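Protein chains: 2
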Amino acid sequence: MSDNSPHSKIPEPALRRLPWYLSYVKLLKKQGHQQVSSTQIAKKINVSATQIAKDLSYVNINGKTRVGYNIEQLIEVLEDFLGFKRMHTAVLFGVGSLGAALLSDSGLEQYGLKIHAGFDVDSSVIGQKINEIPVFHSDEFVIRNKKLKAQIGILTVPPDIAQEVADFMIEGGIQAIWNFTPFRIRVPEHIVLQNTSLYAHLAVIFNRL
Amino acid sequence: MSDNSPHSKIPEPALRRLPWYLSYVKLLKKQGHQQVSSTQIAKKINVSATQIAKDLSYVNINGKTRVGYNIEQLIEVLEDFLGFKRMHTAVLFGVGSLGAALLSDSGLEQYGLKIHAGFDVDSSVIGQKINEIPVFHSDEFVIRNKKLKAQIGILTVPPDIAQEVADFMIEGGIQAIWNFTPFRIRVPEHIVLQNTSLYAHLAVIFNRL
């Protein structure tokens with residue numbers, strides 16, 4: 507075990523690798539394995555055993571020399587550390603094509619994200635339900651969020667209004683923005699921001715083909 | 507203009523930043539602007555003007571000192587370079603919650619990705635159409651792809667079969683895999699691989715909140 511306390515801040519690249527390990531050890535569990543070493547994980551995933559051991563030192567688990575980690579315990583600890591076992595309340599702004607698609611993806615719930623409402627200004631979606639999730643007019647957000655207390659806001663509006671809607675979400679109490687637009691929004695320092703640009707990934711695929 | 511020829515291989519981080527510039531200059535165009543300098547872009551996006559000028563040197567455009575880039579031309583050149591103006595043929599494996607959501611997101615088409623078919627082994631989705639896209643049994647993929655000639659395969663299967671399905675896609679002629687599973691698949695060197703792990707991004711949000 508390294509000197510990292512489980513409470514020291516884990517760097518983002520390490521944090522992003524943890525779900526890979528989780529997904530692999532879950533497969534091992536399914537195959538009936540009970541122990542796994544970082545060397546074994548390294549063989550399957552393009553990350554060195556040293557890096558894996560270092561990454562895992564941020565979570566509260568001890569590996570044993572020559573035996574490795576107990577798989578059941580590792581899954582438990584990783585899911586807990588990654589926040590997948592607690593339900594987090596979210597809202598979504600922009601019920602267009604991608605927004606509606608995310609509302610209908612109930613898979614996110616299995617990872618701890620529960621979207622409680624969609625917001626839009628388009629009368630053709632307001633009042634509708636998608637996958638049981640109601641869509642309201644954006645004007646109602648501030649009042650509705652006093653009750654909902656959503657901390658996470660998913661941003662799937664057209665890129666040209668992304669900044670303005672982000673500002674509006676923050677005014678209404680949102681503390682973390684998951685930005686799916688290709689627009690590079692700016693947020694105050696205390697606001698968590700994650701950009702998931704599907705189009706940037708597409709561009710890489712197209713360019714490399 | 508730098509020494510980079512437009513055909514020299516652009517590094518992935520630069521490639522991923524180009525859609526940010528595109529989305530910002532599109533906004534400027536909408537606002538009636540005609541010219542933009544890298545300094546102006548830098549002010550809005552957290553990237554230095556030098557870096558922006560360097561990134562843009564990979565695409566076939568010339569900026570003029572003190573005037574900057576012609577916006578209309580920059581949009582044209584960026585969209586072309588990023589591959590958003592040509593339609594690319596894709597198929598999708600795993601018509602579960604996320605897979606079905608991606609099939610219904612017609613927004614991808616605007617960025618040059620046309621999904622022609624979904625594949626699954628679950629009889630409850632086989633034979634269905636989602637957003638006009640037919641879903642076939644996975645067994646039919648190799649034969650169907652002889653006609654379709656899809657180069658891009660979107661992977662939204664359960665993580666424990668991600669590797670096996672990826673291998674199968676490659677056998678059927680897929681040359682680029684867009685992996686949405688949290689599983690770290692391995693592919694031969696000539697295959698393009700992009701990982702878009704929604705769950706890893708969620709983990710970062712949860713951890714930072």
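If you read the protein sequences in the order shown, they are chains A and B. All the letters of the first sequence, read from the start, carry residue numbers 507 to 715 under my numbering. All the letters of the second sequence, read from the start, carry residue numbers 507 to 715 under my numbering. Ideal placement from N, C-alpha and C gives every residue a C-beta, glycine not left out. Predicted model, so just to flag it, every value in this text is computed and none were measured.
Closest by C-alpha distance to residue i, when choosing among the options
| i | options | result |
| --- | --- | --- |
| Ala682 of chain B | B:Glu518, B:Val648, B:Thr595 and B:Asn568 | B:Thr595 |
| Asn568 of chain B | B:Val553, B:Ser543 and B:Ile551 | B:Ser543 |
| Leu614 of chain A | A:Leu699, A:Gly589 and A:Phe689 | A:Gly589 |
| Val531 of chain B | B:Ala623, B:His707 and B:Glu578 | B:Glu578 |
| Ala706 of chain B | B:Ile697, B:Val693 and B:Thr687 | B:Thr687 |
| Asp666 of chain B | A:Val693, A:Lys653 and A:Gln537 | A:Gln537 |
| Asp561 of chain B | B:Leu654, B:Pro519, B:Leu533 and B:Ser529 | B:Pro519 |
| Ile621 of chain B | B:Gln669, B:Ser629 and B:Ala607 | B:Ala607 |
| Val565 of chain B | B:Thr556, B:Thr702, B:Leu521 and B:Arg572 | B:Leu521 |
| Gly679 of chain B | B:Arg692, B:Phe647 and B:Thr702 | B:Phe647 |
| Asp628 of chain A | A:Asn713, A:Ile516 and A:Pro664 | A:Pro664 |
| Val693 of chain B | B:Arg714, B:Gly659, B:Ile516 and B:Asn637 | B:Gly659 |
| Lys652 of chain B | B:Lys515, B:Glu677, B:Trp526 and B:Lys535 | B:Glu677 |
| Ala548 of chain B | B:Leu534, B:Lys535 and B:Tyr527 | B:Tyr527 |
Buried versus exposed, by CB contacts within 10 Å (16 or more), residue i
| i | result |
| --- | --- |
| Asp586 of chain B | exposed |
| Leu524 of chain A | buried |
| Arg690 of chain A | buried |
| Met456 of chain A | Coverage of chain A is limited to positions 507 through 715, which leaves residue 456 of chain A absent and any answer about it impossible. |
| Ser508 of chain A | Any reading at Ser508 of chain A is ruled out, since the residue's pLDDT is 42, under 50, leaving its predicted position unreliable. |
| Lys591 of chain A | exposed |
| Pro512 of chain A | Note that Pro512 of chain A has pLDDT 47, beneath the 50 cutoff, so the model's placement of it is unreliable and the number below is only indicative. When all chains shown are included, Pro512 of chain A counts as exposed. |
| Glu695 of chain A | exposed |
| Lys550 of chain A | buried |
| Leu609 of chain A | buried |
| Leu580 of chain B | buried |
| Gln484 of chain A | With chain A represented from 507 up to 715, any question about residue 484 of chain A goes unanswered, as that position is not in the structure. |
| Ser630 of chain B | exposed |
Contact check, residue i vs residue j, beta carbons under 8 Å
| i | j | result |
| --- | --- | --- |
| Val553 of chain A | Val601 of chain A | no |
| Ile699 of chain B | Asn685 of chain B | Looking at the sequence provided, one finds Leu at residue 699 of chain B rather than Ile. In contact: Leu699 of chain B and Asn685 of chain B (Cβ atoms closer than 8 Å). |
| Asp611 of chain B | Leu661 of chain A | no |
| Asn576 of chain B | Gln546 of chain B | no |
| Val597 of chain B | Phe625 of chain B | yes |
| Gly751 of chain A | Met593 of chain A | Outside the displayed span of chain A (507 to 715) sits residue 751 of chain A, for which this structure offers no information. |
| Phe599 of chain B | Ser644 of chain B | yes |
| Thr556 of chain B | Leu704 of chain A | no |
| Ala623 of chain A | Arg650 of chain A | yes |
| Gln657 of chain B | Leu715 of chain A | yes |
| Asn713 of chain A | Ile516 of chain B | yes |
Residues that residue i bridges to, as DSSP identifies them
| i | result |
| --- | --- |
| Ile683 of chain A | A:Gly659 and A:Leu699 |
| Ile454 of chain A | With chain A covering only 507 through 715, there is no way to say anything about residue 454 of chain A. |
| Lys570 of chain B | B:Gly574 |
| Ala621 of chain A | The sequence given here places Ile at residue 621 of chain A; Ala does not occur at that position. Answer by DSSP bridge pairing, in chain order: A:Ala596. |
Residue i Cβ short of 7 Å to the ligand SAH heavy atom set
| i | result |
| --- | --- |
| Ala548 of chain B | Because no ligand of any kind appears in the structure shown, any question about the ligand SAH cannot be addressed here. |
Subject >> Secondary structure, alpha helix (DSSP H): runs of 4+ residues fully inside the stretch 515-552 of chain B >> reply: 518-536 and 544-550
Subject >> Contiguous alpha helix (DSSP H) assignments of at least 4 residues, all confined to the stretch 624-668 of chain B >> reply: 647-654
Original post:
Along the chain, which unbroken stretches of the alpha helix (DSSP H) at least 4 residues long are found entirely within the stretch 574-604 of chain A?
Top reply: 577-587
Original post:
Of the residues that make up the stretch 539-551 of chain A, which ones have a beta carbon closer than 9 Å to any beta carbon in chain E?
Top reply: In summary, chain E is missing from the structure at hand, where the protein chains are A and B.
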